[in-house]
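Letter 165 of the sequence shown, counting from 1, is numbered 164 in numbering that gives the first Met the number 0, and no numbers are missing.
Each remark here refers to the structure printed beneath this line.
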Amino acid sequence: MNQIFYTGQEQALTLSPIRAQCERQELQELLLSNPDCLPGHQIDPDDPRQWLPIATEFQVNDPTGKPRWSIDYICADQDAVLTLVECKRFADARTRREVVAQVMEYAANIETLFNAELILGHAESMAAQKGGTLASIMAGWGTSSAAYAGRLNANIEGGKIRLVFFVDEAPWELKQMVRFMKRAMPNIDTVLVEALQYALNDGRIVIPQVFGYVAPMAPPSKQATKDTRWNDGKFTEAMDEPIKSAVLKLVAHAKRMGLGVGYGRGAKGTVQLTLPIVSSRPMFAIQTDGELQAMTHTLVKSDFAFEAREHIEERFRYSLGLPVHTGTEERPLIYGFEEWSEHSDLLANLITELVDEYC
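Okay, structure coming up:
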C-alpha cells in the first residue's frame, strides 16, 4: 500500500494505510452504505456501471435444498447483469485459496440459485430500507420492472454474470487467478477491486481501484505508427497516469545509477535500460502501456552475466513476489503494470544492488 499525503494550510499530513479487521463490518457494510465503492467508471469506462443493491449476506441453498452458501453482497447493473461480490481481508488466508473456489461454485450453479422474481423481491426490500422504490430506480434507468426482469432471466440463463472480489488489498496470487479467470471465462465479467483504506482522525478514506484499470490512452491523433522512432519526449507524452509517474521515476533512478537509457522503434514505445559492464543488451525494458520486461534470458554469455541473471530472478521471486520462469525457458520475464508498480521502490533498490555489485 502506498501512503497518501494531505496538505492543509499549516502542515502536510501523512495518511497511514490500514487493513480491514472484520469483513462484515468494514467491507460488506462499506458496500451497503456506499455502492459506488464498486467503481463503475473503471469497470466500464465507456458506459459506467450503475448499481441496484439487492442483498448482503444472502443465504442460498444448494440444488438439494440444503443451506450451502452465504454471498457477501449482491447487486445488478443497468443492463441487468447480476453481480455477486465476495469480500475478503488481505490477512484472511482464504483470499488466496477458498474464495476462488467459492465464487466458481456460484457461477456453476447460477441458474438454480437465482431468478428475476427472487432478485427483484430483495431489491424492492433494499430500496424500501433507503426510503425509495424499485419502480423509481427502474424509471431512472428508462425501463420497467417487468422489462428488467426479462433481461435478468435472459442473462442468468445465458451465464452472463459478474463476479467481484472486493478486498482491502489483493495478494499477487489472487491477481494471477483473476487474470486467468478473465481469459478462461469470457462470458463472465471477473473483477478484482482493491478498497485501499487510510486512517484520518476518527474516520477513514477509502480509494477503490479495479485491478488492471488504466486511464484511457491518448486520442488516435497522438498514437504512434510502426515506424515511430521514440525519444524521451515522445515516450513521456504517450503515457498516462499512473503509469507515467511510476515509469519516469524508475528511469530517472536508473540514469542516476549510470545505466544506459535508450528508446526503441515501433507502434508501442519502449525505454531500454542497459548495464554495459554486464551485457551490451538491455537488461530491462518498459513499454508505454506499463509492461515491464526483464531480459534475463540474454544474460548467459559470461559468468558475470549469469550471476546477474540469478541475482535478478532471485529478487523478483522472493523480494517482489513475482512469478519467474522455471527450467531453461529462453524468453523475458514479462509483468503488467499492475503487477510491478506496487514494488517500484524494490525495483529501484535492485538496480542499485546491481550497480554496487558489478560496477
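We put the CB at the ideal spot given by N, CA and C, even for glycine.
Note that the structure is a prediction, hence the values are computed from the model and not measured.
query: Between the stretch 253 to 263 and the stretch 226 to 234, do at least 3 Cβ pairs fall closer than 8 Å?
result: yes
- request: Measure the alpha-carbon distance for Phe113 versus Leu249 and round it to whole angstroms.
  value: 49 Å
field: Where the beta strand (DSSP E) containing Leu428 begins and where it ends
entry: Since the displayed the chain opens at 0 and closes at 358, residue 428 lies outside it and no answer follows.
- prompt: Based on the DSSP output, what are the partners of Ser69 in its beta bridges?
  reply: Gln58
query: Would the stretch 40 to 60 and the stretch 75 to 85 be scored as touching if the rule is three or more Cβ pairs under 8 Å?
result: At 8 Å Cβ cutoff, the stretches touch.
- prompt: If we ignore side chains and look at the alpha-carbon of each, how far apart do Ile285 and Tyr147 end up?
  reply: 46 Å
- prompt: How would you label Asp188, buried or exposed, when you count the other beta carbons within 10 angstroms and need 16 or more for buried?
  reply: Its Cβ being crowded by 16 or more others within 10 Å, Asp188 is buried.
task: Look up Ala347 in the DSSP assignment and say whether it is helix, strand or coil.
output: helix
- prompt: Looking at the unbroken beta strand (DSSP E) that takes in Phe164, where does it start and where does it end?
  reply: Segment Arg161 to Val166, the beta strand (DSSP E) holding Phe164.
- request: Would you mind reading off the limits of the alpha helix (DSSP H) that contains Val368?
  value: In the structure as shown, the chain starts at 0 and stops at 358, and residue 368 therefore has no counterpart that could be examined.
field: Nearest neighbour of Glu290, chosen from Glu309, Val59, Val270 and Pro44 [CA to CA]
entry: Val270
message: One question on the structure: do Thr297 and Ser278 come within less than 8 Å of each other, judged by their Cβ atoms?
response: yes
field: Rounded straight-line distance, which links the Cα of Ala304 to that of Glu97
entry: Their Cα atoms are separated by approximately 42 Å.
Cβ-based burial, Arg48 [other Cβ within 10 Å; buried from 16]: buried
task: Please report how far the alpha carbon of Ser244 lies from the alpha carbon of Val163, in whole angstroms.
output: 28 Å
task: Whole angstroms is fine: what's the gap from Phe165's alpha carbon to Asp35's?
output: 12 Å
query: Terminal residues of the continuous alpha helix (DSSP H) containing Tyr317?
result: For Tyr317, no alpha helix (DSSP H) run applies, since DSSP gives it neither H nor E.
field: When Leu29, Arg88 and Gly120 are compared against Ala169, the one with the closest alpha-carbon
entry: Arg88
message: Restricting to Cα atoms, I'd like to know which of Leu151, Pro38 and Gln41 is closest to Leu81.
response: Leu151
Host alpha helix (DSSP H) of Ile118 (start-end): Its alpha helix (DSSP H) spans residues Ala115 to Gln128.
message: With DSSP as the reference, identify every bridge partner of Gly259, one or two as the case may be.
response: Thr273.
field: Selection from Pro207, Asp355 and Asp344 that minimises the alpha carbon distance to Pro38
entry: Shortest Cα-Cα distance from Pro38 to any of Pro207, Asp355 and Asp344 involves Pro207.
Minimum C-alpha distance to Met184 - residue among Tyr197, Ile160 and Glu193: Looking only at Tyr197, Ile160 and Glu193, the smallest Cα-Cα distance to Met184 is reached by Ile160.
- prompt: With Leu117 and Leu133 assumed to form a contact (beta carbons below 8 Å), what rounded beta-carbon distance in angstroms separates them?
  reply: Incorrect: roughly 13 Å between the Cβ atoms, too far for contact.
message: Let me confirm a value: Thr63 is counted as buried when at least 16 other C-beta atoms fall within 10 Å, else exposed. Which label applies?
response: exposed
message: According to DSSP, simplified to helix, strand and coil, what is Ala245?
response: helix
Bridge partners - Ala284, DSSP secondary structure assignment: Gln271 and Gln292
field: Cβ-Cβ distance between Leu191 and Val205 below 8 Å
entry: At least 8 Å separates the beta-carbon of Leu191 from that of Val205.
- prompt: Is it true that the CB of Met256 sits closer than 8 Å to the CB of Ile350?
  reply: Between Ile350 and Met256, the C-beta spacing is below 8 Å.
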